[in-house]
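Residue numbers (our numbering): 107 to 552.
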Ligand code: 5AD
Ligand code: SF4
């Protein structure tokens with residue numbers, strides 16, 4: 107039996123990307139080793155940690171609003187400790203303590219090992235801050251606790267940081283230098299997850315293709331790592347995110363084509379379809395280069411889904427640039443996209459060099475046009491799947507109807523089908539009969 111009586115309760119709330127969710131699991135693990143247990147009930151928590159995101163202004167505003175609510179909670183319960191972690195902590199550092207007086211603790215993405223010591227400092231009545239970035243920290247030896255897990259899918263962080271310095275992006279400043287994690291620990295983590303019943307792992311990094319390790323003088327790059335993880339077990343599906351188009355290699359596509367358990371879904375953020383804008387964004391590829399990589403994907407993996415990220419209204423973007431983005435979307439035929447309005451972030455290259463000169467109205471309209479285009483493309487992509495049979499990894503009972511199960515196919519599309527005795531983690535062959543822009547519907551076939 108686990109002794110819980112003397113343990114303190116921590117509630118961790120995560121904002122932002124998958125990397126942040128993965129970090130929250132590392133944070134959870136560090137705290138579980140130090141007399142904390144995790145709780146889903148914020149009101150009963152002794153410690154509330156917000157793992158935050160700075161990527162766009164509205165991501166930060168959401169955290170600021172939540173802090174107001176926590177302030178009210180703390181007024182009623184003065185022993186409550188509130189910590190702000192992650193990218194916003196790194197970006198704003200001590201300034202946050204002045205702006206948000208009820209915060210006790212500020213810790214950046216490379217400081218989580220110091221959490222127990224910092225919490226002791228808070229207990230002794232002081233505020234505590236650690237926003238040092240590290241060139242080495244990968245948390246390689248820490249086995250994450252799986253927070254809010256369905257027992258089927260898990261994230262494995264394989265590298266941290268980013269040195270691409272895209273002009274709009276805050277990440278190189280909040281997450282520091284690129285560093286890769288020892289491959290042995292990655293493979294052990296994948297094998298251990300499989301033994302616990304997990305059937306899908308997603309290898310995470312800001313730019314997974316930059317993964318780089320040296321073993322006795324021999325370099326290990328991402329394709330080799332991916333191959334080793336795929337070999338853990340043929341029943342363990344492997345995904346990865348995110349890839350930078352500049353170094354999506356044919357070697358990588360060969361590895362994906364060789365192992366049936368490596369999923370046929372590549373997330374390849376394009377950001378813009380205009381060469382002028384791509385140059386200003388410092389993306390280091392052209393529209394033609396990107397399309398060449400898409401052609402390579404389609405040649406090696408004809409059934410591969412391609413998804414993307416797009417920013418509407420970057421500095422100086424004209425109507426023609428915007429049309430280039432729409433035409434790019436149509437040529438590639440994206441299966442899925444994350445779409446955003448440009449949001450200027452302080453101290454980035456764009457904030458220093460360019461003027462945020464596209465009006466709010468134009469940004470909104472362009473974003474709407476991009477979203478409509480993607481709706482059309484997603485529906486077309488799903489319609490093409492009608493009549494096909496996919497192997498679906500069951501994740502659970504559909505949230506909309508308890509008579510249906512849902513899971514995903516290799517292309518990362520959600521597939522819904524009538525409930526049977528299958529459990530999460532089972533593989534089921536499903537014939538697709540119908541679709542919406544977001545979901546495939548089908549029936550089980552033997
Ligand atoms: N404004 C809008 N979107 C941004 N992204 C990154 N920085 C910004 C910004 N300043 C988007 C990019 C990136 C995704 C994670 O968020 O599309 O790929
Ligand atoms: Fe993730 Fe970027 Fe947000 Fe940080 S700023 S949490 S790296 S999306």
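Backbone N, C-alpha and C define an ideal beta-carbon position, used for all residues, glycine too.
Thinking C-beta only, is residue 474 closer than 7 Å to residue 444?
Residue 444 sits at position 338 when you count from the first residue of the chain shown. Residue 474 sits at position 368 when you count from the first residue of the chain shown. Against a cut-off of 7 Å, the Cβ pair of residue 474 and residue 444 comes out as no contact.
For residue 121, does the count of other Cβ atoms within 10 angstroms reach 16, so buried, or fall short, so exposed?
In the chain shown, the residue the question calls residue 121 occupies position 15. Answer is buried; the Cβ neighbour count reaches 16.
Among 241, 377, 354 and 434, whose alpha-carbon lies nearest the alpha-carbon of residue 418?
Against the chain shown, residue 418 aligns to sequence position 312. It is 377 whose Cα lies nearest to the Cα of residue 418.
Is the beta carbon of residue 563 sitting closer than 7 Å to the one on residue 331?
Only positions 107 to 552 of the chain appear in the structure, and residue 563 is not among them; the question remains open.
I think residue 525 touches residue 509, with their Cβ atoms under 8 Å apart; what is that distance to the nearest whole Å?
Translated into the one-based positions of the chain shown, residue 525 becomes position 419. Translated into the one-based positions of the chain shown, residue 509 becomes position 403. The pair is a contact, with the Cβ atoms about 5 Å apart (cut-off 8 Å).
Bridge partners for residue 549 per DSSP, in chain order?
What you label residue 549 is simply residue 443 of the chain shown in a count that begins at 1. The partner list for residue 549 (beta bridge, DSSP) reads 537.
Only counting the same chain, and skipping five residues up and downstream in sequence, which positions put a Cβ closer than 7 Å to that of residue 107?
For the purposes of this step, residue 107 is identified with residue 1 of the chain shown, where counting begins at 1. A caution first: residue 107 carries a pLDDT of 46, below 50, which makes its placement in the model unreliable, though a value can still be read off. Nothing meets the Cβ criterion.
Range of the contiguous alpha helix (DSSP H) that encloses residue 156
Within the chain shown, numbered from 1, the residue matching residue 156 stands at position 50. Under the DSSP assignment, residue 156 falls outside any alpha helix (DSSP H), being part of the beta strand (DSSP E) whose first and last residues are 153-158.
Inter-residue CB distance, residue 410 and residue 371 (contact presumed, cutoff 8 Å)
Here residue 410 refers to the residue found at position 304 when the chain shown is read from its first residue. Here residue 371 refers to the residue found at position 265 when the chain shown is read from its first residue. The pair is a contact, with the Cβ atoms about 7 Å apart (cut-off 8 Å).
Distance cut 6 Å, beta-carbon to the ligand 5AD heavy atom: residue list by chain order
Cβ-based neighbours of the ligand 5AD within the cut-off: 161, 162, 274, 275, 375, 377, 415, 417, 446, 448, 449 and 451.
With three or more beta-carbon pairs closer than 8 Å as the criterion, would you say the segment 492-501 touches the segment 450-466?
no
Is the closest heavy atom of the ligand SF4 to the C-beta of residue 272 under 6 Å?
By one-based count along the chain shown, residue 272 stands at place 166. No, the ligand SF4 has no heavy atom inside 6 Å of this Cβ.
Three CB pairs or more closer than 8 Å across the segment 163-180 and the segment 238-257
Cβ pair count under 8 Å is below three, so no.
With residue 412 and residue 438 assumed to form a contact (beta carbons below 8 Å), what rounded beta-carbon distance in angstroms separates them?
Counting from one through the chain shown, the residue named residue 412 turns up at place 306. Counting from one through the chain shown, the residue named residue 438 turns up at place 332. That belief holds up - the Cβ atoms of residue 412 and residue 438 are roughly 6 Å apart, short of 8 Å.
Answer yes or no: the CB of residue 156 versus the heavy atoms of the ligand SF4, is any distance below 6 Å?
Here residue 156 refers to the residue found at position 50 of the chain shown. Not so, every heavy atom of the ligand SF4 lies at least 6 Å from the Cβ.
Return yes when the Cβ of residue 424 is within less than 7 Å of the Cβ of residue 379, no when it is not.
On the chain shown, position 273 is the one that residue 379 refers to. On the chain shown, position 318 is the one that residue 424 refers to. Not closer than 7 Å, so no.
Those runs of the alpha helix (DSSP H) which lie wholly inside the segment 315-360 and span at least 4 residues:
328-336
Less than 7 Å between the beta carbons of residue 287 and residue 267, yes or no?
Within the chain shown, residue 287 is the residue found at index 181, counting from 1. Within the chain shown, residue 267 is the residue found at index 161, counting from 1. The answer is no: Cβ separation not under 7 Å.
Residue closest to residue 496, alpha-carbon to alpha-carbon, out of 447, 236, 523 and 119:
Counting from one through the chain shown, the residue named residue 496 turns up at place 390. The candidate whose alpha carbon is nearest that of residue 496 is 523.
Start and end residues, beta strand (DSSP E) containing residue 211:
One-based indexing of the chain shown puts residue 211 at position 105. Its beta strand (DSSP E) spans residues 211-213.
Check residue 308 in the structure and name its three-state DSSP category.
For this step, residue 308 is matched to residue 202 along the chain shown. Three-state DSSP puts residue 308 in a strand.
Assuming the contact rule is C-beta atoms closer than 8 Å, residue 441 and residue 517 should be a hit. Round their C-beta distance to whole Å, please.
As a first step, residue 441 is located in the chain shown; it is residue number 335 there, counting from the start. As a first step, residue 517 is located in the chain shown; it is residue number 411 there, counting from the start. The Cβ separation is near 7 Å, so the contact holds.
With DSSP collapsed to three states, give me the class of residue 236.
Sequence index remark: in the chain shown, residue 236 carries index 130 (1-based). Looking at residue 236 - three-state DSSP - the assignment turns out to be strand.
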